[in-house]
Amino acid sequence: MKNQVFYRAYRPQKFADVVGQEHVIKTLHNQLKAGQVAHAYLFTGSRGVGKTSIARLLARSANCQGMTGGEPDNSCDICREMLEGRSLDLMEIDAASHTGVENIREIIEHLNLPPTRAKFRTYIIDEVHMLSRGAFNALLKTLEEPPAHALFILATTEAHKVPATIISRTQRFDFRKLTDEQIGRQLQKIILSEGLDIEKEVASAISESVDGSMRDGLVLLEKAVYLSDKKTSAEDIQRLLGITPVKFRSELLELLQAGDLRKISDFFKNLSAQGYSLEQFTKDFLEFLRNKLSEDMDIQLSLISEHFLRAYQQLRVSPIPELPLLVASVKYIQSKAGGDKSNSGSGQKAVEPSLEKLTVKAAHVLNGHIEMSDLQEKWGDVLGRVREYNQSLVTALKLARPTGTVNGSLTIAFPYKFHADAVNSAKNRLVVERVLEEIFGRRIAVNCVMQKDILADNYPGDYKGKDNGKGKNNDGDNDLLKSALDMLGGEVIN
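Position one of the sequence shown corresponds to residue 1 (UniProt numbering), numbered consecutively onward.
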């Protein structure tokens, strides 16, 4: 193993060694090969993505005596001096600890002196957003009329705090977070290079936890070397980071789907007893649900995500860590059971009428016309009957709005596309059409649309952004209003 820590030992020595940031490197390469280096650059991006490393590479390449194809040779006298930190023509300044105007004035005084050996007198100012207003004003004049031998490279994680007047006088490059795959591949190369006794899965576990930061990944990899007397495993890394294994996330999802509150309560207690952070677990669980939703736009997964997202926001202020998670679990199970609390504690799922009993009939076009008053009056009955077939389907329909008939079909408008897609699936649409047939006494086709389309003036429906009539205020309307208020916030004004 090298004597230096990993993030220093494996700092890129050439542009070709940099992981990611191809859009930055390509431009800098072309400028260096053409000999058209700008007088000032601004590198912005999150921590650990290569801003300082590329700034040093740019400084060496611009001054290298044997540069080839935009790459420094790292063997000439100037490159060696810069690599060893003894060059008088390269100054690295941490703006977090040198924020005052006097620090910038000191730079300006030295700036007028020609370089001792290099082509440019180069200044790398890290975390430049930390400079005071007076320091920025002093720097501004220098950036407007810099000496020919001056090269400024400013780096920051918060570009919005840098004055626009400074940004406009630099070439700005926005650095992107690295992908999990990019970090994982680089960590695996280092594991092989160092001959570390670490499982292959460790690189993936680390890359998924560092939010696109290569430096953070290298720091964690070095920790991983000393985690165990035996071969370091992905589970060791997860325990180090407080990340719960995937099997726990799958287990909670199964318990929620089964509706067993007693086992859910025991699950959270056991999780805490094992030393896992419930806040970190909830974050991991939400990420787990997001991946599930990307594969299957399921209403149940959407509901669980909504409840646990609220729980995650409440965890930091809750005196009892398990409480927000238990409340989220209860709310989900009650909404799934249609508010039937008697079954939620027993872990038994309410028995739904089998969809097999619904016979698929040939589709008929609605030739008649349903009055909006009749539709509004009986919409609560429709929701109640749908609940008997599919409890989760009611949640989407509560947020929806029947708008009348369009081209012989009943149009239902939804605020969210995933609700419309869920109801519009063959299985769910069959349920709704069967219920409508039972209540209105005839076969009615269903057409699911987005509310934004209904609001358009040229839409050929009965509803154009306002009610056509005042229907009876039934339970279905109350539920719909309550759902809207819960989601959007507000109050009813009579």
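In this text, a Cβ means the ideal position worked out from N, Cα and C, and glycines have one as well. Values in this document were obtained by computation on a predicted structure and should not be read as measured data.
Could you give the DSSP three-state label for TYR459: helix, strand or coil?
For TYR459, the pLDDT reaches just 44, beneath the cut-off of 50, and the residue's location in the model is therefore unreliable, although a value from the coordinates is still provided. Of the three classes helix, strand and coil, the one that applies to TYR459 here is coil, per DSSP.
Going by C-alpha to C-alpha distance, which of GLU106, ASN447, ILE104 and PHE175 sits closest to ALA413?
For ALA413, the nearest C-alpha among the options comes from ASN447.
For the beta strand (DSSP E) that VAL394 lies in, which residues bound it at each end?
Looking at the DSSP string, VAL394 is not in any beta strand (DSSP E); the run it does join, the alpha helix (DSSP H), is 391-398.
Measuring CA to CA, which of ILE237, PHE173, SER265 and THR403 is closest to ILE25?
Here the closest residue by C-alpha is PHE173.
Minimum C-alpha distance to ALA62 - residue among LYS33, VAL49 and SER75:
Each of LYS33, VAL49 and SER75 was checked against the Cα of ALA62, and the nearest Cα belongs to LYS33.
Kindly identify the DSSP beta-bridge partner or partners of ASP174.
Assignment of beta-bridge partners to ASP174 by DSSP yields THR44.
Whole angstroms are fine: how far does the CA of ASP197 sit from the CA of ALA311?
For ALA311 and ASP197, the distance between alpha carbons rounds to 39 Å.
Considering just the uninterrupted stretch of the alpha helix (DSSP H) at ASP260, what are its terminal residues?
Following the DSSP letters along the chain, one finds ASP260 in no alpha helix (DSSP H), marked with neither H nor E.
On the premise that LEU289 lies in contact with SER305, defined as a C-beta separation below 8 Å, what is that separation, rounded to the nearest angstrom?
Sure, about 5 Å apart at Cβ, within 8 Å.
Confirm, please, whether the CB-CB distance from ARG169 to ALA40 is below 8 Å.
The beta carbons of ALA40 and ARG169 sit closer together than 8 Å.
Alpha helix (DSSP H) containing THR99: first to last residue?
Where THR99 is concerned, there is no enclosing alpha helix (DSSP H), given that its DSSP letter is neither H nor E.
Inter-residue Cα distance where the pair is LYS14 and GLN21:
GLN21 has its alpha-carbon roughly 13 Å from the corresponding atom of LYS14.
Just to confirm before moving on: does the CB-CB distance between ASP89 and THR116 stay below 8 Å?
Taking C-beta atoms as the reference points, ASP89 and THR116 count as a pair closer than 8 Å.
How about LEU375 and PRO402: do their beta carbons lie closer than 8 Å?
Against a cut-off of 8 Å, the Cβ pair of PRO402 and LEU375 comes out as a contact.
Are the CB atoms of VAL128 and ALA155 nearer to each other than 8 Å?
Closer than 8 Å, so yes.
For LEU227, does the three-state DSSP call read helix, strand or coil?
In this structure, LEU227 counts as coil in the three-state DSSP scheme.
Once DSSP output is grouped into helix, strand and coil, what is the label at GLY404?
In this structure, DSSP gives GLY404 an extended state, which the three-state scheme calls strand.
Can you name, in chain order, every residue of its own chain whose Cβ lies under 7 Å from the Cβ of LEU136, other than the five neighbours on each side?
The displayed chain sequence assigns Phe, not Leu, to residue 136. If we look at PHE136 and ignore the five residues flanking it on each side, its Cβ neighbours are PRO163 and ILE166.
With a Cβ-Cβ cutoff of 8 Å, do ILE104 and LEU139 count as a contact?
Yes; because the gap between Cβ atoms is below 8 Å, this pair is in contact.
Curious, which full-length alpha helix (DSSP H) runs of at least 4 residues does the UniProt domain "AAA+ ATPase" (37-179) contain?
Counting whole runs of 4 or more residues, the UniProt domain "AAA+ ATPase" (37-179) contains the alpha helix (DSSP H) stretches 51-63, 77-83, 101-111, 133-144 and 164-167.
The alpha helix (DSSP H) that contains LEU430, what's its start and end?
Element bounds for LEU430: 426-440.
So does the stretch 230-237 actually touch the stretch 264-275, counting three or more Cβ pairs closer than 8 Å?
In short, these stretches do not touch, since the Cβ pair count stays below three.
So within the stretch 235-317, which uninterrupted beta strand (DSSP E) runs reach at least 3 residues, ignoring any that extend past its ends?
If only uninterrupted beta strand (DSSP E) runs of at least 3 residues are considered, none is enclosed by the stretch 235-317.
Can you pull the DSSP bridge partners for MET214?
In DSSP, MET214 forms no bridge with anything.
SER207 - containing alpha helix (DSSP H), residue span:
Element bounds for SER207: 201-207.
Could you tell me the distance, in whole angstroms, from the CA atom of GLY69 to the CA atom of ASN30?
Spanning the two alpha carbons is a distance of roughly 9 Å.
Beta-carbon separation of PHE6 and ILE191 under 8 Å?
No Cβ-Cβ contact shorter than 8 Å links PHE6 with ILE191.
Going by DSSP in three states, VAL18 sits in which element: helix, strand or coil?
In this structure, VAL18 counts as coil in the three-state DSSP scheme.
Mind checking ASN112: buried by the 16 CB within 10 Å criterion, or exposed?
In the assembly as shown, ASN112 is an exposed residue. Its beta-carbon has fewer than 16 other beta-carbons within 10 Å.
Endpoints, the alpha helix (DSSP H) within which LEU326 is located
For LEU326, the enclosing alpha helix (DSSP H) covers residues 322-336.
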